[in-house]
Each structure stands twice: as structure tokens, then as C-alpha cells.
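Colleague: Structure incoming, see below.
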Amino acid sequence: MLETRFCGIELKNPTRLASGVMGVNAGQIIRVAKEGAGAVTIKSLGPMERQGHKNPTVIEWEHGLLNAVGLPTPGYKNADSEFEELKELKKIGVPLIASIYGTRWKEFSEVAEYVASKNPSAIELDISCPNTEWGGTQFACDPAMSYKIISDVKEVTGKIPVIAKLTAAANSPIAVAKACEEAGANAICCGNTMPGMIIDVDAKKPILSFKKGGMSGPALKPINLKVTYEAYEAVKIPIIGEGGITTGRDALEYIMAGATVCGIGSGIWKRGTGIFNSVSNEIEEWMKENGYTKIEHLRGIAHE
Ligand SMILES: Cc1cc2nc3c(=O)[nH]c(=O)nc-3n(C[C@H](O)[C@H](O)[C@H](O)COP(=O)(O)O)c2cc1C
């Protein structure tokens with residue numbers, strides 16, 4: 336009923352662990368896979384070791400999370416042992432999506448070449464992180480820059496599908512989606528967090544040490560859902576809908592907008608790592624009640 340084919344990869348259900356929310360620890364990713372995620376994504380891996388920002392890096396507010404973790408990474412040259420541990424995912428039968436970033440456009444293909452040698456099921460390019468001193472969203476705000484990164488990465492990744500992670504903060508996320516498709520991206524993710532800020536009135540200061548952050552969770556859902564809906568009409572490649580999915584009904588909204596896969600990150604803060612199983616069960620219940628037998632029959636149905 337929930338089996339999903341995405342870029343030639345078979346998923347038991349359409350949920351995937353979004354990048355970064357479970358930290359850099361391979362053990363936690365394996366746990367999420369065992370607890371029912373259809374696919375899992377690693378924390379974005381960068382070109383060189385980096386500590387990330389000082390605490391506080393993540394805060395919860397009324398409508399979700401605000402984070403500026405700052406892309407901490409061991410750097411790809413130190414990631415062999417993590418990939419070794421992640422081999423266990425093959426036994427569990429849950430596809431691994433590697434996520435990578437660069438601080439300059441050329442670094443994406445450098446990291447992608449290393450990651451491709453580890454043979455993940457797909458590689459996601461975080462061209463849209465808002466929380467860095469090099470202003471990471473700039474890549475996915477610019478269709479020409481996005482095109483350049485995707486086509487450069489495609490030269491070194493062979494048959495491994497490449498996913499471009501977009502941001503609703505772009506002037507036209509749809510122009511970026513089209514540029515990524517033209518450059519050879521096999522899928523897009525709609526999308527990353529939205530830049531934001533929260534000030535502690537009593538301290539008279541922004542709460543996060545980096546001051547600004549990326550907003551995720553329920554407040555992000557209508558924003559990324561709209562991008563998913565519009566992208567479905569603009570590109571032919573499959574879409575990962577992501578942002579604010581906490582329940583099966585949230586996931587169904589993204590599927591009806593046109594998503595093939597539903598990314599879940601902040602929802603783990605609310606419902607724990609069992610959320611993937613719970614969301615799958617809730618989708619299935621809704622389908623049974625409404626007479627649907629295959630999830631793909633619902634994909635894009637809100638456009639009809
Ligand atoms: C604490 C935290 C860390 C994150 N780290 C990354 C990251 O390393 N790479 C990335 O592409 N996205 C990262 N994200 C963004 C998530 O993968 C996801 O796209 C976003 O949070 C929206 O989904 P959600 O509302 O379900 O959390 C991070 C989000 C959070 C909350």
C-alpha cells in the first residue's frame with residue numbers, strides 16, 4: 336500500500352529522515368531506520384572539519400524549531416568510519432541518502448566524488464542552508480549557480496541519483512527547480528528551513544548564538560507545501576516534500592501536492608523516533624477509510 340519508488344529506489348513507505356536533525360551520529364540514523372523510516376539521510380558532510388556554532392544552536396518556539404547548528408562536520412576525509420557503520424542499513428533494507436555541502440560551488444563536486452565512492456542510494460546537495468557565515472542559501476537562491484553546482488556534481492556521481500535541496504527563500508524557487516532539472520538533477524527536495532530570528536526580550540538579545548537561524552516544524556508547512564505544489568507543475572523529476580510534517584495528514588498534504596517522498600525532521604522532537612511508523616500508520620488508516628489501495632494514486636491529486 337505504502338511502497339514507494341523514488342529515483343529507481345524502493346522504499347517500504349514514503350517517509351524519510353531529513354538531514355541533520357539526528358546529528359552526525361551513525362548509530363542514531365540506524366535506530367531511525369529500524370524504527371520505520373522509509374529512507375534515512377545523513378547530516379550534511381562538508382569539505383573539511385568544522386565545529387559549527389556555539390550553543391544555543393536549537394530552540395523550540397510555539398510553532399516549531401529555530402536552529403543555527405552551523406553545519407558541524409568531521410569533513411569528508413574523516414568520514415570513512417561513519418560510512419562503515421552505516422553499511423548496516425543494507426541489512427535492514429533501508430536506503431541511505433548521503434547529504435553534502437560546500438562552502439564554495441566547486442567544493443560540492445569534491446565532496447560528491449568521495450561520497451559517491453561509498454555508493455549511497457542517492458546524494459542530496461544542501462545548496463540551501465541558511466545558517467552559515469558564507470550565507471549558504473545563496474546557492475539555491477540563484478538558478479545559474481544551482482545549475483553550475485548540479486552539473487558539476489553530475490560529472491562525478493555516475494548513476495547515483497542527485498537530489499537538489501531548495502529553499503522557499505529564493506525569489507523564485509521554481510526557476511531554481513527548473514535550472515536544477517535542466518542541469519541533470521534526478522529529484523528536488525522542497526525544501527530547507529526558512530531564515531528567521533527570535534529575540535529574548537528580557538535579555539534584549541537574539542536567543543541563538545548565531546543570532547539568526549532556520550525555521551522548521553509546523554510553521555514551515557504551508558510555505559514548503561506551496562513550493563512543492565508549484566514545482567509539481569513545473570518539473571518532471573520526483574519531489575521530496577519536507578517541512579513541518581508531524582502527522583499522517585501532514586504527509587498526505589505533501590503527497591496530494593505532488594511529493595513522492597515526505598521528509599521528517601523537527602517532528603521527531605514532538606513524537607520521538609517512532610514518528611516514521613506512526614505517520615505511515617496514519618497515512619494507511621486514512622487510505623483505508625477513503626478507499627485507496629496505492630499511495631501513488633494520491634500523488635498530485637490536489638491538482639485535479
Ligand atoms: C537541528 C537541525 C539541523 C539541520 N541540519 C541540516 C543539515 O545538516 N543539512 C540539511 O540539508 N538540512 C538540515 N536541516 C534541515 C532539515 O533537514 C529539514 O529540511 C528542515 O528542518 C525542514 O523539515 P522539518 O520541518 O521536518 O524539520 C536541519 C534542521 C534542523 C532542525
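For the sequence shown, this note's numbering assigns the number 336 to the initial residue and increments by one for each residue that follows.
Ideal Cβ placement from N, Cα and C applies to all residues, glycine included.
For Trp440, name the three-state secondary structure that DSSP assigns.
Modeller: Taking the first residue of the sequence shown as 1, we reach residue 440 at position 105. Looking at Trp440 - three-state DSSP - the assignment turns out to be coil, as it is neither helix nor strand.
Colleague: Could you check if Leu560 belongs to the surroundings of ligand 1, using beta carbon to heavy atom distance under 7 Å?
Modeller: Locating residue 560 in the sequence shown gives position 225, where the first residue counts as 1. Not so, every heavy atom of ligand 1 lies at least 7 Å from the Cβ.
Colleague: Could you give the DSSP three-state label for Leu337: helix, strand or coil?
Modeller: In the sequence shown, the residue the question calls residue 337 occupies position 2. Three-state result, Leu337: coil.
Colleague: Around the Cβ of His638, are there at least 16 other Cβ atoms within 10 angstroms (buried) or fewer (exposed)?
Modeller: Numbered from its first residue, the sequence shown carries residue 638 at position 303. Answer is exposed; the Cβ neighbour count stays below 16.
Colleague: Any heavy atom of ligand 1 inside 7 Å of the beta-carbon of Gly437?
Modeller: Within the sequence shown, the letter at position 102 stands for residue 437. For ligand 1, not one heavy atom lies less than 7 Å from the Cβ of Gly437.
Colleague: Could you tell me whether the Cβ atoms of Gly399 and Ser551 are closer together than 8 Å?
Modeller: As a working mapping, residue 399 is identified with position 64 in the sequence shown. As a working mapping, residue 551 is identified with position 216 in the sequence shown. The answer is yes: Cβ separation under 8 Å.
Colleague: Mapping DSSP to helix, strand and coil, what is Pro508?
Modeller: Taking the first residue of the sequence shown as position 1, residue 508 is located at position 173. In the structure shown, Pro508 sits in a helix (DSSP, three-state: H, G or I).
Colleague: Suppose the cutoff is 6 Å on Cβ atoms and the five residues either side in sequence are ignored; what does the same chain contact list for Ala554 look like?
Modeller: The count along the sequence shown starts at 1 and reaches residue 554 at position 219. Within the same chain, Ala554 has close Cβ partners His398, Gly399.
Colleague: Which full runs of the beta strand (DSSP E) of 3+ residues lie inside the segment 373-453, going along the chain?
Modeller: Fully enclosed beta strand (DSSP E) runs of 3 or longer: 393-396, 399-402, 431-435.
Colleague: From Thr339 to Ser615, what distance separates their C-alpha atoms?
Modeller: In the sequence shown, the residue the question calls residue 339 occupies position 4. In the sequence shown, the residue the question calls residue 615 occupies position 280. Taking the straight line joining both Cα atoms gives about 12 Å.
Colleague: Should the segment 390-410 be regarded as contacting the segment 420-432, the criterion being three or more beta carbon pairs within less than 8 Å?
Modeller: The segment 390-410 vs the segment 420-432: no contact.
Colleague: Measuring only from the beta carbon, is Val691 closer than 7 Å to any heavy atom that is part of ligand 1?
Modeller: The requested residue 691 does not occur in the structure, where the chain is confined to residues 336 to 639.
Colleague: Using the three-state DSSP reduction, which class does Val596 fall into: helix, strand or coil?
Modeller: As a working mapping, residue 596 is identified with position 261 in the sequence shown. Here Val596 sits in strand by DSSP.
Colleague: Could you give the C-beta distance for Val446 and Ser481, rounded to a whole number, given that I count them as a contact under 8 Å?
Modeller: Numbered from 1 along the sequence shown, position 111 holds the residue referred to as residue 446. Numbered from 1 along the sequence shown, position 146 holds the residue referred to as residue 481. Actually they are not in contact, since the Cβ atoms of Val446 and Ser481 sit about 16 Å apart, beyond 8 Å.
Colleague: Does DSSP put Cys525 in a helix, in a strand, or in coil?
Modeller: Indexing the sequence shown from 1 puts residue 525 at position 190. Note: Cys525 maps to strand in three-state DSSP.
Colleague: Taking the alpha-carbon positions, what's the Ile495 to Ala586 distance?
Modeller: If you number the sequence shown from 1, residue 495 lands on position 160. If you number the sequence shown from 1, residue 586 lands on position 251. Ile495 and Ala586: Cα-Cα distance of roughly 26 Å.
Colleague: Confirm the yes/no value for this check: CB of Ile533, any heavy atom of ligand 1, distance under 7 Å.
Modeller: To locate residue 533, count along the sequence shown from 1; it is residue 198. No, the beta carbon of Ile533 sits no closer than 7 Å to any heavy atom of ligand 1.
Colleague: Ends of the alpha helix (DSSP H) at Ser551?
Modeller: As a first step, residue 551 must be located in the sequence shown, where it is residue number 216. Unbroken run through Ser551 is the beta strand (DSSP E), 547-551; no alpha helix (DSSP H).
Colleague: Can you tell me where the alpha helix (DSSP H) with Gly579 in it begins and where it stops?
Modeller: By 1-based counting over the sequence shown, the position of residue 579 is 244. Segment: none, Gly579 is in no alpha helix (DSSP H) and carries neither H nor E.
Colleague: Suppose contacts are defined by Cβ-Cβ distances below 8 Å. Is Val404 in contact with Ser601 by that definition?
Modeller: Working through the sequence shown from its first residue, we reach residue 404 at position 69. Working through the sequence shown from its first residue, we reach residue 601 at position 266. No, they are not a contact pair.
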